[in-house]
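Visitor:
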Amino acid sequence: MTSGGAMLGVAYGLIEANKHGWGSAPIILCFVGSALLFTAFVLFELAEERRPMFDIRLFRNRVFAGANIAGFVAMCSLLGFIFFTSLYLQNVRGFSPIHTGWVFLIATIPMSIGSPLAGKLADRIGARLPIAVGLALFGLSLVVMSRVVGLHASMWSLYPWLFISGFGFGMVLPPSTTTVVAAVPNEKSGVASGLMQALRQLGGALGIAIGGAIVNAQTSGFGPLDFRYNGAYVHGLRWVLLFTGAISFAGAGACLWLIRGRVLPAAQPASGAVSPG
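Counted from 1, the sequence shown has number 202 at position 203 by numbering that gives the first Met the number 0; the numbering is strictly sequential.
(1) Can you check which of these residues, G22, L42, M6, is closest to G32 by C-alpha distance?
(2) Taking just the CA atoms, how far does V91 sit from D122?
(3) At what residues does the alpha helix (DSSP H) containing D54 begin and finish?
(4) Let me confirm a value: A46 is counted as buried when at least 16 other C-beta atoms fall within 10 Å, else exposed. Which label applies?
(5) In chain order, which alpha helix (DSSP H) runs of at least 4 residues are fully inside the stretch 196-263?
(6) Are at least three pairs of beta-carbons, each pair with one atom in the stretch 224-234 and one in the stretch 172-192, less than 8 Å apart?
(7) So, helix, strand or coil for S285, using DSSP?
(8) Which residue comes first and which comes last in the alpha helix (DSSP H) that contains W101?
(9) Can you tell me the Cα-Cα spacing of H98 and A106, whole angstroms?
(10) For S153 versus A66, is the C-beta distance shorter than 8 Å?
(11) Alpha carbon to alpha carbon, how far is G167 from A117? Give it in angstroms, no decimals.
(12) So the candidates are A181, T243, I124, G70; which of them puts its Cα closest to the Cα of L141?
(13) Within 10 Å of its beta-carbon, does A181 have 16 or more other beta-carbons around it, so buried, or fewer, so exposed?
(14) Return the first residue and the last residue of the alpha helix (DSSP H) that P173 is part of.
Right under this line is the structure:
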């Protein structure tokens with residue numbers, strides 16, 4: 000209840016902030032309430048030593064924390080990118096839903112190339128570099144696309160970066176998933192997997208909520224029939240892409256800093272979950 004309430008408060012506050020004003024009482028109440036609920040959730044989980052629903056103590060493991068940050072950031076960036084770019088293609092460029100799906104297929108296909116490649120690299124050299132490189136490629140493609148999108152921009156200038164975005168994203172999740180599970184002892188693998196999935200879902204929800212706040216800030220003064228609305232939406236989309244690209248780069252840096260050494264199989268005891276090398 001506390002964690003769900005905290006997430007709901009943050010998402011609602013971000014989405015409605017431009018309508019009510021960032022300094023309005025309802026929005027401030029949302030963020031303050033979310034902070035209090037999240038604090039209560041953390042304290043409750045720390046107090047529950049025997050069978051915590053979310054074992055916060057696992058984040059003391061740098062490798063576990065780094066791999067989860069990678070998954071959180073990747074999903075936040077992906078959902079923010081896909082949701083608002085699809086609206087751009089359909090509402091601004093006039094593409095049909097099927098045409099929009101074909102465009103995103105350019106990003107989907109290389110995911111099937113990047114994923115197995117990252118898995119093989121992680122087996123040979125560890126997960127640190129494949130995850131960081133994947134996030135960096137994903138971030139680079141998003142930043143470049145923020146300069147490419149426009150009211151009448153050529154789609155051919157967008158396609159190569161869609162391909163790179165899919166390849167980069169595909170390199171992140173497989174090695175980060177195996178790293179999360181392998182970084183903890185066997186008896187904690189179920190809890191670790193649950194935490195990982197919850198953080199990725201939270202990342203996706205926040206990506207859409209933050210992106211919505213950014214776009215609404217640019218388009219709030221125009222109605223959908225106003226000829227200036229499309230230009231304002233494109234401007235907002237550019238900021239969304241810059242934001243998602245920036246957090247992808249930040250996630251890559253966090254992975255390089257936190258994930259050190261080679262992760263051993265999960266059957267190893269907690270004290271030996273990570274080996275130097």
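Beta carbons: idealized from backbone N, C-alpha and C, even for Gly.
Guide: Let me lay it out:
(1) The count along the sequence shown starts at 1 and reaches residue 32 at position 33. That would be M6, whose Cα lies nearest to the Cα of G32.
(2) Position 123 of the sequence shown, counted from the start, is the residue given in the question as residue 122. Position 92 of the sequence shown, counted from the start, is the residue given in the question as residue 91. Rounded to whole angstroms, D122 to V91 spans 44 Å at the Cα level.
(3) To locate residue 54, count along the sequence shown from 1; it is residue 55. Element bounds for D54: n/a, residue is neither H nor E.
(4) Taking the sequence shown and counting its residues from 1, one reaches residue 46 at position 47. The residue is exposed, with fewer than 16 neighbouring Cβ atoms inside 10 Å.
(5) Unbroken alpha helix (DSSP H) runs of no fewer than 4 residues, entirely contained in the stretch 196-263, are found at 228-257, following chain order.
(6) no
(7) With the chain covering 0 to 276 only, the question about residue 285 has no answer from this structure.
(8) Here residue 101 refers to the residue found at position 102 when the sequence shown is read from its first residue. It spans 96-107 - the alpha helix (DSSP H) in which W101 sits, taken as one unbroken run.
(9) Counting from one through the sequence shown, the residue named residue 98 turns up at place 99. Counting from one through the sequence shown, the residue named residue 106 turns up at place 107. Rounded to the nearest angstrom, the two C-alpha atoms are 14 Å apart.
(10) Taking the sequence shown and counting its residues from 1, the one referred to as residue 153 is at position 154. Taking the sequence shown and counting its residues from 1, the one referred to as residue 66 is at position 67. Contact flag unset, no.
(11) Residue mapping note: residue 117 aligns to position 118 of the sequence shown, counting from 1. Residue mapping note: residue 167 aligns to position 168 of the sequence shown, counting from 1. Those two C-alpha atoms are separated by around 10 Å.
(12) Locating residue 141 in the sequence shown gives position 142, counting from the first residue. Comparing Cα-Cα distances from L141 to each of A181, T243, I124, G70, the minimum goes to T243.
(13) Start at 1 with the first residue of the sequence shown, and residue 181 comes out as number 182. Under this definition A181 is a buried residue.
(14) Residue 173 sits at position 174 when you count from the first residue of the sequence shown. That run of the alpha helix (DSSP H) goes 172-181.
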